[in-house]
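Here the structure is laid out as structure tokens; the discussion comes afterwards.
4 protein chains.
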Amino acid sequence: MKALVYHGAGKKSWEEKPKPILLEPTDAVVKILKTTICGTDLHIMKGDLPEVVDGRIIGHEGVGIIDEVGSAVTNFKKGDHVIISCVTSCGKCDYCKRAMYSHCEKGGWILGYKIDGTQAEYVRIPYADNSLYPIPEGADEEALVMLSDILPTGFECGVLNGKVKPGDTIAIVGAGPVGMAALLTAQFYTPAEIIVIDLDDNRLAVAKTFGATHTINSTDGKAVEKVMALTNNKGVDVAIEAVGMKPTFEMCEEIVNPGGHIANIGVHGKSVTLHLETLWSKNITITTRLVDTVTTPMLFKTVLSKKIEPKKLITHRFKLDQIMEAYETFRNAAKEKALKVILTN
Amino acid sequence: MKALVYHGAGKKSWEEKPKPILLEPTDAVVKILKTTICGTDLHIMKGDLPEVVDGRIIGHEGVGIIDEVGSAVTNFKKGDHVIISCVTSCGKCDYCKRAMYSHCEKGGWILGYKIDGTQAEYVRIPYADNSLYPIPEGADEEALVMLSDILPTGFECGVLNGKVKPGDTIAIVGAGPVGMAALLTAQFYTPAEIIVIDLDDNRLAVAKTFGATHTINSTDGKAVEKVMALTNNKGVDVAIEAVGMKPTFEMCEEIVNPGGHIANIGVHGKSVTLHLETLWSKNITITTRLVDTVTTPMLFKTVLSKKIEPKKLITHRFKLDQIMEAYETFRNAAKEKALKVILTN
Amino acid sequence: MKALVYHGAGKKSWEEKPKPILLEPTDAVVKILKTTICGTDLHIMKGDLPEVVDGRIIGHEGVGIIDEVGSAVTNFKKGDHVIISCVTSCGKCDYCKRAMYSHCEKGGWILGYKIDGTQAEYVRIPYADNSLYPIPEGADEEALVMLSDILPTGFECGVLNGKVKPGDTIAIVGAGPVGMAALLTAQFYTPAEIIVIDLDDNRLAVAKTFGATHTINSTDGKAVEKVMALTNNKGVDVAIEAVGMKPTFEMCEEIVNPGGHIANIGVHGKSVTLHLETLWSKNITITTRLVDTVTTPMLFKTVLSKKIEPKKLITHRFKLDQIMEAYETFRNAAKEKALKVILTN
Amino acid sequence: MKALVYHGAGKKSWEEKPKPILLEPTDAVVKILKTTICGTDLHIMKGDLPEVVDGRIIGHEGVGIIDEVGSAVTNFKKGDHVIISCVTSCGKCDYCKRAMYSHCEKGGWILGYKIDGTQAEYVRIPYADNSLYPIPEGADEEALVMLSDILPTGFECGVLNGKVKPGDTIAIVGAGPVGMAALLTAQFYTPAEIIVIDLDDNRLAVAKTFGATHTINSTDGKAVEKVMALTNNKGVDVAIEAVGMKPTFEMCEEIVNPGGHIANIGVHGKSVTLHLETLWSKNITITTRLVDTVTTPMLFKTVLSKKIEPKKLITHRFKLDQIMEAYETFRNAAKEKALKVILTN
């Protein structure tokens, strides 16, 4: 089969690889129908995650058809359409029992990272019963690719951890795909005001069409002042960090109000400064989280009932064998006005 | 009347001051029966809180007898014995309605800080109905002084915010009075293991008698290793910071396990480093809080029913007019083996 | 002034009464701008609440202008526009501190019940600081009348107690004004399916326009079967009872799924049968609640930000002195297709 | 092997049966070390659960040694000591993912009910990885038999569902084994007062030694009055029903205070009367639950750290082949002063 293979920092190719086979009775092999590229994949390609070995097939999102199942798989059979979760869950370790699949002792995020991933014609999925979700006939599979990673990430790490409530004033710092996913899913809880902050006017314009009530271009370094002005100097109830940088996290520290929440989604490569000299008495809560994908069934219901349209996040479409081109588009996301690119096999 | 008065950094005296009078219909004047000295009072005396003016009567803890009430006070009458809460609550601003008395728009922590306090023969208490608690006849009033500040501080900021659960492994960093209050109240939730960390062997020995299952003297810089060894390298479910320094907070970052909580109680004068480069994916929660004293009624019931013995925290007793001596004892707490000193009028 | 006065079962009149005066320093007198009639008022008029005395002015909803305030009132001054909450809260008893204003030791629901109410030109409001809410300039005051009682009732007793979540399937049994308020506010949490059940086709048609995804006319006695058919025989996650009768409550028992919630809003005059022989093992939760109006500030923000349009509930408008006619209309709600009637002074 | 076999209402025998074998790759066969008899087993023996077929081996509690595991079992190997949970959990259906193992689509309570159980020398355990818990070397296995069913039942259905909090006043109605388990585990949350109500003076005396602060013999029909007298006429914060009868449940309705919880543990054969005519406005919560055993790991930690001594519940000990005699003792529990009987293989 063909697959997108990492060959060290800066090197990748669309090349022939052996079709995966079942290794454990709990495995399934899935034929990919649609997949996508994640910001994390770009980091891998740059060599930022040195634990990814030369020869690894990349990708942790997608929908597909079950090609084969191991003897212990009971929830699925050949021919079933499935969503592939970016997080693999064994369903039987302490973490899985506590709904922290991200820290599954045998799984977690391994797909396209520690084992071969979904940017390929076929993929082996360990613990298939707990790591795949059935797609009912007639569902829009493009939309459901967003359930592999980006929607649960924005929702769990940003919205749920931030405890967004009806009537809240919230800020989302970063209007990339994951910030947009937080923006879409925050509206499940009907906040009164949603302020989106980014450096890119195009993304801010898109954020407005996705439900932002206010947008701030932070290029001028005055985002904090502007948030305070918008909130009668009170700050926001929830600040969602969707960038992963020191200045954006520290902006959240400045705009959160007493009793408020800072929900970190960003993947941080460096430490930040926590201003406890002012925050110690502000009754705030800061959370971090690697997506657990425990809300996939809940999100699934909101998509099927059309309470959310994750397809809005898709800006570009390619054939799977055009993936090298798709990477170029996604790598130049700002210039290309790209959020999510869909690859169809 | 006599009162302990602040006269600028390093200067205080036990001197004659006018007896306070009612200023608002919601005020009460309380005759002090017992009061105590808080670590914060030492900070004031050093000049660390420049907003405290020359001439201010210090102190925010105590029990007393109602001497006089304003026309709008309905919960109390002359002669009632009361606990004085360190936090003043108007009961009618947005924050009070949300049970965040610490941020009350007209109150919060003002006693012995922005208005005259309790280290005196009499004190004026604003919003008496919401800021005092009735003491039933026969209750042990010495024990109840601990409900003014230290018990709710340890409980709300440390135990409740840390979400201590039955079976948990928790660490308390800092075995001063507030760490000890967290130690006592954490046991309301029956954690399996309580590790207390401090630099002072005497305090650690006391912590053992208060319910610590393990103690670690961190003088050798190996506390993190020792916690990891005690927890099979898993870390703790809850890390309670009860010091207010950069190294102790950062120790909490190192010992908290995935899914765990860091509950800050410490008053920090400087920022700390938040290691998001490792914590971003650990599903942790960090909280800060200025005590709200919303749990005073709950704590009251646990004291009256003898589920907790806050009197254990009292190490020294003085007459109120010996307060200068009491300050000396408390200032040399380690040497004097002091936790809380009680002053009786 | 003129007022609507109860004179025993079946007897009421619009008559001259003395303008109310301040009795306590915490009182305010409010000039009524708009008021409405509640289903409970009809019960009073029928004599179902014998504790209501002859001569009582009825009504517990409305918006108005502050005419006069007592010496201890600090949140309001003459001329302020305010929402009158149906529940009076002293802000300083145990229940108020626990956010259970409905059980306030000196307040609770007393307006137009134990003290004179809002269907008059003026009304005295005890504990004004805690029982009134300020209206900002330019707000739509008709819409805000719905915040006195009906919206918080539907929201707190039905939606919050029922713990409606994104993706849920919920049923609302009863499409009268309070059921409709539950329908509108349930959508704050984005349930996937909302099934509304009633005997009246007109109300069901209105429910559809308010966001019901399915409606069932239960006249044929087959509502349970129909709900089970709509839910793949699983039942609903949340069943909200908004009628107050034995058959409707017992319908909720039949349609709730394992792990689900029954949230009672209805005012029941008689006991019901609880089928513990089947429910004991179904992991369900049943709640009851008299509205606390603690969510008024939250609801206020959703109205001001246009996340909800409570005005939709208003079907008829009268002058205040046409109140006898308004009662007739409301008493024949089904025939008149009435939900809420607004009376303007 | 030998096993206790049900042969229709009133008929059982200790007889030879084939040793169980693995049927699925997720199965384990466990050699029983210790087992016990549950009140439910007595119901089965009386014929109250007609779905139990002639020939069924009874019993759903016990500890044992792994004798054999299927190819998909990864958490256990031959020779491991394990606790057998009364509830079988597949770990991969919707209910298991929501931590409602009681409603597992392929499991739930099936042991000694729909499949052969633990009152035998060997037992087959489906979904072994999710339905067994490892016992560390040196642990007291007698104590751990209480984790199969009775401790999680009292804790989850009574204490957790009842939301027992520090300082609460709670009542436990019924001092049989499960009421006693609620009594022991309620103390994890440090209630101020625990009132235990039963008809049997011996059990009440035992309850006192287990931590009850007050006991009431309800034989005289005056239990409600006595509870109200003990609580200043306020009623209790939490009423735990541990009997399963109409009068005991209705007693809970009478003694619960506004804002309080009724947590049903009892297995009810008949409906009860729910007095909504008084309860509709009392802001109460009623819960039902079939034990999920999701708290087994938490309870395990409290047992290993000696925060609870479940062994106290054991009153009688037999060899496994004396099981017919053990049934007689347990059937006459009041006369024999029996709580739990332990059978050792």
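Protein chains in written order, with our numbering: chain V, 310 to 654; chain C, 310 to 654; chain P, 310 to 654; chain R, 310 to 654. Here a beta-carbon is modelled for each residue, glycine too, at the ideal position from N, C-alpha and C. Fair warning: this is a prediction, and the values are worked out from it, not measured in the lab.
* **Near-chain V residues of the segment 485 to 514 of chain P (beta-carbon distance less than 7 Å), N- to C-terminal order** => Phe497, Tyr498, Thr499, Ala501, Glu502
* Asked: So what does DSSP say about Asn566(C), is it helix, strand or coil?
  -> Indexing the second sequence from 1 puts residue 566(C) at position 257. Residue state, collapsed to three classes: strand.
* For Ile341(V) and Ile366(R), the rounded distance between their alpha carbons -> Translated into the one-based positions of the fourth sequence, residue 366(R) becomes position 57. Translated into the one-based positions of the first sequence, residue 341(V) becomes position 32. Distance between the alpha carbons of Ile366(R) and Ile341(V) is about 47 Å.
* **Under 8 Å from the C-beta of Lys401(R): neighbouring residues of chain V** => Within the fourth sequence, the letter at position 92 stands for residue 401(R). In chain order: Thr383, Asn384, Gly400, Asp438, Asn439.
* Asked: Are Leu572(V) and Ile549(V) closer than 8 Å when you measure CB to CB?
  -> As a first step, residue 572(V) is located in the first sequence; it is residue number 263 there, counting from the start. As a first step, residue 549(V) is located in the first sequence; it is residue number 240 there, counting from the start. It is worth fixing the name first, because residue 572(V) is Ala in this sequence and not Leu. Yes, Cβ-Cβ distance for Ala572(V) and Ile549(V) is below 8 Å.
* So with Cβ pairs under 8 Å, would you call Gly476(C) a contact of chain R? -> Against the second sequence, residue 476(C) aligns to sequence position 167. It does; some Cβ of chain R falls within 8 Å.
* Can you find a CB in chain C that lies within less than 8 Å of the CB of Thr611(P)? -> For this step, residue 611(P) is matched to residue 302 along the third sequence. No, no contact with chain C.
* To do: Could you run through the segment 326 to 354 of chain C and flag, in chain order, every residue whose CB is less than 7 Å away from some CB of chain P?
  => Pro334, Thr335
* **Whole alpha helix (DSSP H) elements within the segment 532 to 608 of chain V, 4-residue minimum** => 532 to 539, 555 to 564, 585 to 588
* To do: Enumerate in chain order the residues of its own chain whose CB-to-CB distance from Leu508(V) is below 7 Å, with the five nearest sequence positions on each side excluded.
  => Taking the first sequence and counting its residues from 1, the one referred to as residue 508(V) is at position 199. Cβ within range, chain order: Asn526, Ser527, Thr528.
* Asked: List, in order along the chain, the chain V residues whose C-beta lies closer than 7 Å to that of Ser380(R)?
  -> Counting from one through the fourth sequence, the residue named residue 380(R) turns up at place 71. Simply Pro334.
* Are the C-beta of Met607(C) and some C-beta of chain R separated by less than 8 Å? -> On the second sequence, residue 607(C) is found 298 positions in, with the first residue counted as 1. Cβ-Cβ to chain R under 8 Å: yes for Met607(C).
* Asked: Is the segment 469 to 480 of chain V touching the segment 491 to 511 of chain V in the sense that three or more CB pairs, one from each, lie closer than 8 Å?
  -> yes
* Taking C-beta pairs closer than 9 Å, name the residues in chain R that Lys616(C) reaches, listed in chain order. => In the second sequence, the residue the question calls residue 616(C) occupies position 307. By Cβ distance, chain R contributes Pro475, Gly476, Thr499, Pro500, Ala501.
* To do: Use the C-beta contact count for Asp425(C): other C-beta atoms within 10 angstroms, 16 or more gives buried, fewer gives exposed.
  => By one-based count along the second sequence, residue 425(C) stands at place 116. Classification for Asp425(C): buried.
* Thinking just about the alpha-carbon of each residue, which of Lys311(R), Gly348(R), Lys328(R), Pro334(R) is nearest to the one in Glu637(R)? -> Reading the fourth sequence from its first residue, position 328 is the one you call residue 637(R). Per the Cα distances, Gly348(R).
* Please report the Cβ distance between Lys646(V) and Asn511(V), rounded to the nearest whole angstrom; I am assuming they are in contact, meaning their Cβ atoms lie under 8 Å. => Position 337 of the first sequence, counted from the first residue, corresponds to residue 646(V). Position 202 of the first sequence, counted from the first residue, corresponds to residue 511(V). With 8 Å as the limit, Lys646(V) and Asn511(V) qualify as a contact, their Cβ atoms being about 5 Å apart.
* Asked: Nearest CA to the CA of Asp389(P): which residue from Gly417(P), Ala642(P), Ile374(P), Ile503(P)?
  -> What you label residue 389(P) is simply residue 80 of the third sequence in a count that begins at 1. Considering only alpha carbons, the answer is Ile374(P).
* To do: Give, in chain order, every unbroken run of the beta strand (DSSP E) that is at least 3 residues long and sits entirely within the segment 481 to 536 of chain P.
  => 502 to 507, 523 to 526
* **Assumed close pair Thr344(V), Leu652(V) - CB separation to whole angstroms, cut-off 8 Å** => Locating residue 344(V) in the first sequence gives position 35, counting from the first residue. Locating residue 652(V) in the first sequence gives position 343, counting from the first residue. That pair is a contact at about 5 Å.
* Reference Gly467(V); option with closest CA among Gly578(V), Val600(V), Met607(V), Glu534(V) -> Taking the first sequence and counting its residues from 1, the one referred to as residue 467(V) is at position 158. Closest by alpha carbon: Val600(V).
* Between the segment 441 to 455 of chain P and the segment 579 to 592 of chain P, are three or more C-beta pairs nearer than 8 Å? -> no
* Asked: Is any beta-carbon of chain P found at less than 8 Å from that of Phe464(R)?
  -> If you number the fourth sequence from 1, residue 464(R) lands on position 155. No, its Cβ sits nowhere closer than 8 Å to a Cβ of chain P.
* **Three-state secondary structure assigned by DSSP to Pro619(P)** => Indexing the third sequence from 1 puts residue 619(P) at position 310. Looking at Pro619(P) - three-state DSSP - the assignment turns out to be helix.
* **Identity of the residue in Ser590(C), Gly568(C), Ile595(C) nearest Ile559(C) by Cα** => Your numbering for residue 559(C) matches position 250 in the second sequence. Residue identity differs from the one stated: residue 559(C) is Glu in this sequence, not Ile. Of the listed residues, the one whose Cα sits closest to Glu559(C) is Ile595(C).
* the segment 318 to 328 of chain V / the segment 407 to 416 of chain V touching (three or more Cβ pairs under 8 Å) -> no
* Asked: So, is the C-beta of Phe627(V) closer than 8 Å to a C-beta in chain C?
  -> Reading the first sequence from its first residue, position 318 is the one you call residue 627(V). False, the Cβ-Cβ gap to chain C never drops below 8 Å.
* **Contact set for Asp336(V): own chain, Cβ-Cβ below 7 Å, skip 5 residues either direction** => Taking the first sequence and counting its residues from 1, one reaches residue 336(V) at position 27. So the qualifying residues of the chain are Gly379, Arg433, Ile434, Pro435, Ala437.
* Looking at the unbroken alpha helix (DSSP H) that takes in Val454(R), where does it start and where does it end? -> Along the fourth sequence, one-based indexing puts residue 454(R) at 145. 450 to 454 is the span of the alpha helix (DSSP H), which, as asked, contains Val454(R).
* Among Asn541(C), Lys543(C), Gly530(C), nearest to Pro556(C) - alpha-carbon criterion -> Stepping through the second sequence from its first residue, residue 556(C) is reached at position 247. The shortest C-alpha separation from Pro556(C) is found at Gly530(C).
* To do: Anything in the segment 549 to 582 of chain V with a Cβ closer than 8 Å to a Cβ of chain C? List those residues in chain order, please.
  => Gly553, Phe558, Pro567, Gly568, Asn573, Gly575, Val576, His577, Gly578, Lys579, Ser580, Val581, Thr582
* **Cβ-based neighbour list, Leu513(P), same chain, cut-off 7 Å, excluding 5 preceding and 5 following** => Taking the third sequence and counting its residues from 1, the one referred to as residue 513(P) is at position 204. Closer than 7 Å at the Cβ level, and outside the excluded window around Leu513(P), lie Ala484, Val505, Asp507, Thr524, Asn526.
* To do: Return yes when the Cβ of Met354(V) is within less than 8 Å of the Cβ of Tyr404(V), no when it is not.
  => Working through the first sequence from its first residue, we reach residue 404(V) at position 95. Working through the first sequence from its first residue, we reach residue 354(V) at position 45. Going by C-beta atoms, Tyr404(V) is not nearer than 8 Å to Met354(V).
* Let me know the secondary structure DSSP gives Ala437(P) once reduced to three states. => Taking the first residue of the third sequence as 1, we reach residue 437(P) at position 128. In the structure shown, Ala437(P) sits in a helix (DSSP, three-state: H, G or I).
* Asked: What are the start and end residues of the beta strand (DSSP E) that includes Tyr315(V)?
  -> Here residue 315(V) corresponds to residue number 6 of the first sequence, with the count starting at 1. Its beta strand (DSSP E) spans residues 311 to 315.
* Asked: At which residue ranges does the segment 343 to 404 of chain V contain complete beta strand (DSSP E) runs of 3 or more residues, listed in the order of the chain?
  -> 371 to 378, 390 to 393
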